[in-house]
Each structure stands twice: as structure tokens, then as C-alpha cells.
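> Quick one: structure below, then a few questions.
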Ligand SMILES: NC(=O)c1ccc[n+]([C@@H]2O[C@H](COP(=O)([O-])OP(=O)(O)OC[C@H]3O[C@@H](n4cnc5c(N)ncnc54)[C@H](O)[C@@H]3O)[C@@H](O)[C@H]2O)c1
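Numbering (this note's numbering), first residue to last: 224 to 474.
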């Protein structure tokens, strides 16, 4: 698929990697809109990067339906690329035993629910609505890109995030098989540690500790993840698989 033919929705595009992807799509001649939570941050990001934004929460069914209807209208045709990028972290160990009192504190169910809602239910709702509209309008080719993570292999303090990101890879394979007959491909990307506002705010010693086991000895750049997005969109024989862009790190 040529980028000039793309009408893309990027979720979570107000900052971080999503913002970079929205800008990169536009720079390469694609039609693109992004969504994010909070009308103010959406409006601010939209004017800063010159890409249209829609306030929508990917974990809400009604928001997702409205998102695709508005995106279709803004871009003058059905969406043919969905980048499921929105994600959140609510880290915590499954349990922690206090050394002095012996009291055992467990991971809050609210943290579990929040991460699953945004990182797994969100992509499900978006992919479902995207595919429904593509099939209804016979829009093909069409491509879904799911943003997983190196943490899908399991990572200390990330029961919720690891489960969501592994689930997203399982559904990448599932949706690829189910949707191929309609001309819809589905791929995933599993980034390692990437330079985003969250990472840049870390203390230098924490960052050093994080980078130490990475064979490339540095964190990745959003532009390096964009190369994977671009590849998945453009390569018509790629579906059901994960592109790992992590500097060689294995968790
Ligand atoms: N940064 C990394 O090192 C890294 C590594 C692996 C995977 N990832 C994944 O890449 C994606 C982007 O990460 P990032 O580092 O740019 O994160 P980020 O926190 O900088 O940006 C995520 C964006 O998603 C938005 N968002 C959150 N909840 C939302 C919701 N319910 N509906 C719509 N938008 C919502 C946020 O407001 C934010 O703008 C995430 O899925 C993340 O899990 C990041």
C-alpha cells in the first residue's frame, strides 16, 4: 500500500510516539487524523503538529464509533489504516511483603482494569469498528498496526501491561487470519525502550540502568519505530506477525 493512498487513524496521538507517527504519516503524503483523551490536549497537539485531532477515549464503545465516523468525514473517505498506539502504564508487583510488619499488599484491581481497558479493549474496539467500516464499504487494502511491547514476554511489575501486550499479539494473529479474506492485513510492533516524554523525565541513573542490558547500549527513537510502521503499511505480504525493534534486548 502506498503512503499516498493512506487515510489513517492514529490513537493516542497527542504526545509520544503517536504524535511522531501522526506527523510522519502527514510528511509522507498520507491523510491522517489522531485521537486522544482530553479536548484541550487534542486541540493543542493538533495545532502544534498540523494534523487534525479528535477527542476520543479508545476504551469507550460510543467514543470509538464516533471517532471513525468523524475521521471518515474529515478525510473524505473510509479509514484504511488503523494504528492502535494509545497505551498506559499502571505498574506494580502482584504482591509485596512489608519487611518490618510482614503485611502483604497486593496489586490493585483498578490498576489491572485500567491497563486492560486502554491497552487491550481499546485496540479491540478500534479494530472491530475499523474492520466493520472497511467491509461495509469494500475498502481494500486496509491495514491494522497494533503497538505491543517487549514486555509481552513478561516483566517484573507489569502483570497488567504484559498481559495486555501479549493479548494484542495473540489478536494480531487471530484478526490476520479472520480478516485476510476481506483484504485487511494486521501486524504488530514490539518496541523496546523508546525515547518519549516518559523516558526523558527519568533520572539519569535510572536511564543508565535501563540501557545497560541493551546490546545497542542506547534507547530507541520514535523515528526508528516509524520505520516498522511504514514497513507494515507498505508490505502487502506482511500479516499476522510482530516486528521487534528493541536494540537486541531480551527481557
Ligand atoms: N515508550 C516506550 O518505551 C514503549 C515501549 C514499548 C511499547 N510502547 C507502547 O507504545 C505506545 C505509545 O507509547 P508512548 O511511550 O508514546 O506513550 P505516551 O504515554 O507518551 O503516549 C500515549 C498516548 O496515549 C494517550 N491515551 C491514553 N489513554 C488513552 C485512551 N483511553 N484513549 C485515547 N488515547 C489515550 C495518552 O494521552 C498519550 O497521549 C503505547 O501503546 C506503549 O505501550 C512504548
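The beta-carbon is built from N, C-alpha and C at its ideal position, and this holds for glycine as well.
Using a Cβ-Cβ cutoff of less than 7 Å, which residues in the same chain neighbour residue 297 once the five nearest sequence positions on both sides are dropped?
The count along the chain shown starts at 1 and reaches residue 297 at position 74. Closer than 7 Å at the Cβ level, and outside the excluded window around residue 297, lie 256, 275.
> Relative to the C-alpha of residue 252, which candidate in 244, 269, 228 has its C-alpha closest?
Numbered from 1 along the chain shown, position 29 holds the residue referred to as residue 252. That would be 228, whose Cα lies nearest to the Cα of residue 252.
> Where do the N-terminal and C-terminal ends of the beta strand (DSSP E) with residue 254 fall, by residue?
Residue numbering aside, residue 254 sits at position 31 when the chain shown is read from its first letter. 254-259 is the extent of the beta strand (DSSP E) around residue 254.
> Rounded to whole angstroms, what's the CA-CA distance from residue 279 to residue 385? Just pull it up for me.
Looking up residue 279 in the chain shown gives position 56. Looking up residue 385 in the chain shown gives position 162. Cα-Cα distance, rounded: 24 Å.
> Would you give the residue range spanned by the alpha helix (DSSP H) that residue 410 belongs to?
Indexing the chain shown from 1 puts residue 410 at position 187. First-last for residue 410: 407-414, but that is the beta strand (DSSP E), not the alpha helix (DSSP H).
> Per DSSP, residue 315 is paired with what?
Here the question's residue 315 lines up with position 92 in the chain shown. According to DSSP, residue 315 bridges with 381.
> Closest by CA to residue 413, which one among 285, 356, 389?
Position 190 of the chain shown holds residue 413. It is 389 whose Cα lies nearest to the Cα of residue 413.
> How many whole angstroms separate the CB atoms of residue 345 and residue 309, which I take to be in contact at a CB cut-off of 8 Å?
On the chain shown, residue 345 is found 122 positions in, with the first residue counted as 1. On the chain shown, residue 309 is found 86 positions in, with the first residue counted as 1. About 6 Å separates the two Cβ atoms, so the contact holds.
> Under 8 Å, do residue 436 and residue 418 count as touching if we go by C-beta distance?
The sequence position of residue 436 within the chain shown is 213, counting from 1. The sequence position of residue 418 within the chain shown is 195, counting from 1. Result no, Cβ atoms of residue 436 and residue 418 do not sit closer than 8 Å.
> Below 7 Å, is the gap between the Cβ of residue 272 and the nearest heavy atom of ligand 1?
Along the chain shown, read from residue 1 onward, the residue named residue 272 stands at position 49. No, the Cβ of residue 272 stays beyond 7 Å of every heavy atom of ligand 1.
> With respect to 7 Å, is the separation between the Cβ of residue 224 and the closest non-hydrogen atom of ligand 1 below this value?
Reading the chain shown from its first residue, position 1 is the one you call residue 224. Checking the Cβ of residue 224 against ligand 1 gives no.
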